[in-house]
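Down below is the structure, laid out as structure tokens.
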DNA sequence: AAGTGGTCTAGACCACTAG
DNA sequence: TAGTGGTCTAGACCACTTT
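Residue numbers (UniProt numbering), protein chains in the order written: chain R, 1 to 260; chain Y, 1 to 260.
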């Protein structure tokens, strides 16, 4: 009876009011939005569980079943993950190395891809990166130039742009001990050194042609067709914080989609 | 109390036993599989609703909430769709024209794509189609050659292969009044004339080069890069029934993916 | 008006994980 | 063993669609 949308009495002690705007929306939808907002605000981190579902239900004054539905919805949306017996956690992105799902060479299961960072330096954001990142035109940022290989064969060339005040924690890696501080994957480094948790991303695939530099690094002919993947990665609150452009030989490209 | 997995007493009248193998699986999972099997068997068609959730729950002797969860799972899996007040229906595929989501030309919202069927005839299945369709190497099938356009500009060339005993209902279209019997979309024709409901598909994207015939039809240069999409479409029981290969200029190609 | 799915509550019991 | 999520039940009431 408590916590119903049409409830007029003040909330019981320890209970919390939900947004009254959109009061027409079902309780579970308002609850979902309220929790999504708390997740976006980084109130919880991926390494510690949220309060138990029973505690959350009590906090908001809703039935356990309603809270379970809301948490399930947030799992489906990719914001949370639940571990039986352990708790409910904010989700950490796992698509860091996922570019390789597009490019076939060798046995994807058998051989682990590797990274070679060719260059790290401060530079002016190019317009194609400044736009998606919501940064000013002439802003300065950290620029990584990276090669990704499988079996010592170059598969992908990457340019990665990281807006600078925010990624200052990676700045000292500008020194020549290049591969020293960054491991195979970048997202764990973002989290450890800059407290930035990547939560979602958008990728756009197009086809282009190899320039002179691409041809050299990818060991292919100039003007050979390349598949270009541009990724904008975001934190939980939707702020874009990384933009990268990856290029690989179109002949190696193969993408499989399952529809409905 | 009734219908529990460990229930030893015989089912009450009007109640149905679920598979006893996998009796360790939760009730909702066994129920889901049972309903999925009935959907695959074409027991229900997209134009008439399934029995109401209350009837299904009674039939299997489970609580309403359990049946609701199962039906929700099947909606998520893309097998069913629910319409408030109207009922629960087997889902009809809606991705017939979805190739256009890859190719940009004109305003996708403003201009409707059109089809021009260039040829329909019986022919021997090529090996690349016979494999995915699970057909014998030399089998004969119906072959459609089709051009898809937007604003009178050719965007896609398609070769579509339909195994023949099954698609005999389209066979008389081999006569010269080509576009007569097939509309803009093929899947509604499959359903009306051959009783085949497409439910899911797999698409593989690669990059190739334009041959002489492609170049002519797509009005592009020979050897210009093309994006090649190969689709295997299946019925609800997973049987592959259509294989098509579509080609379009890589310069027009743009694919956007949202990750988690 | 009758019948359908959608929301919300309440509570019992089970299975898993961690300290 | 304490605490977490997972399963299942039971039933009240609401919102929508159809006839």
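Every residue, glycine too, gets a C-beta built ideally from N, C-alpha and C.
- When DSSP states are grouped into helix, strand and coil, residue 30 (chain Y) belongs to the helix group.
- Contact between the stretch 235 to 243 of chain R and the stretch 29 to 47 of chain R is present: 3 or more CB-CB pairs across the two stretches fall below 8 Å.
- Taking 7 Å as the threshold, the shortest C-beta distance from residue 166 (chain Y) to chain R does not fall below it.
- Collapsing the DSSP output to three states places residue 227 (chain Y) in a strand.
- Boundaries of the beta strand (DSSP E) harbouring residue 163 (chain Y): 153 to 163, taken from the DSSP string.
- Residues of the stretch 225 to 246 of chain Y with a C-beta atom less than 7 Å from some C-beta of chain R are 225 and 227, listed in chain order.
- In this structure, residue 81 (chain R) places its C-beta atom within 7 Å of the C-beta atom of residue 91 (chain R).
- Under the Cβ distance rule, residue 258 (chain Y) counts among the residues neighbouring chain R, one pair being separated by less than 7 Å.
- For residue 209 (chain R), the uninterrupted beta strand (DSSP E) run begins and ends at 200 to 209, by DSSP.
- The beta-carbon of residue 203 (chain Y) is placed less than 7 Å from the nearest beta-carbon of chain R.
- Rounded to whole angstroms, the Cβ separation of residue 203 (chain R) and residue 229 (chain R) is 6 Å, and the two are in contact under 8 Å.
- Here residue 94 (chain R) carries a coil assignment [DSSP, helix/strand/coil].
- According to DSSP, residue 51 (chain Y) shares a beta bridge with no other residue.
- Its Cα nearest to that of residue 205 (chain Y), the residue Y:101 stands out among Y:29, Y:101, Y:51 and Y:113.
- Distances from the CA of residue 217 (chain R) to each of R:94, R:159, R:43 and R:243 were compared; the closest alpha carbon is that of R:159.
- Between residue 186 (chain R) and residue 147 (chain R), the C-beta spacing is not below 7 Å.
- In the DSSP annotation of this structure, the continuous segment of the alpha helix (DSSP H) that includes residue 131 (chain R) starts and ends at 127 to 133.
- Residue Y:74 holds the alpha-carbon nearest to the alpha-carbon of residue 260 (chain R) among Y:49, Y:61, Y:74 and Y:27.
- Within chain R, 204, 205 and 206 have C-beta atoms less than 8 Å from the C-beta of residue 254 (chain Y), given in sequence order.
- By the Cβ test, the stretch 129 to 140 of chain R is in contact with the stretch 154 to 169 of chain R, since at least three Cβ pairs between them sit closer than 8 Å.
- When C-alpha distances from residue 126 (chain R) are compared across R:64, R:142 and R:89, the shortest belongs to R:142.
- Taking the beta carbon of residue 95 (chain R) as reference, the chain Y residues within 8 Å of it are 259 and 260, listed in sequence order.
- In this structure, residue 166 (chain Y) and residue 241 (chain Y) form a Cβ contact; the two beta carbons are roughly 6 Å apart against a cut-off of 8 Å.
- Looking at the backbone, the Cα of residue 48 (chain Y) and that of residue 86 (chain Y) are separated by about 10 Å.
- Cβ atoms of residue 115 (chain Y) and residue 184 (chain Y) come within 8 Å of each other, at about 5 Å.
- Nearest CB-CB separation between residue 200 (chain R) and chain Y: below the 7 Å threshold.
- For residue 248 (chain R), the uninterrupted beta strand (DSSP E) segment begins and ends at 240 to 249.
- In this structure, DSSP gives residue 254 (chain Y) a state outside helix and strand, which the three-state scheme calls coil.
- Judged by DSSP in its simplified three-state form, residue 76 (chain Y) adopts helix.
- DSSP, read as helix, strand or coil, puts residue 145 (chain Y) in strand.
- In the structure shown, residue 195 (chain R) adopts coil according to DSSP, grouped into three states.
- Leaving aside the five residues that flank residue 221 (chain R) on each side, the residues in its chain whose CB is nearer than 8 Å to its CB run, in chain order, 210 and 215.
- Taking the C-beta atoms as reference points, residue 153 (chain R) is found no nearer than 7 Å to residue 113 (chain R).
- The criterion of a C-beta distance shorter than 7 Å is not satisfied by residue 155 (chain R) and residue 246 (chain R).
- With respect to residue 201 (chain Y), residue 233 (chain Y) sits close: the two C-beta atoms are nearer than 7 Å.
- Here the C-alpha atom of residue 194 (chain R) lies approximately 20 Å from the C-alpha atom of residue 124 (chain R).
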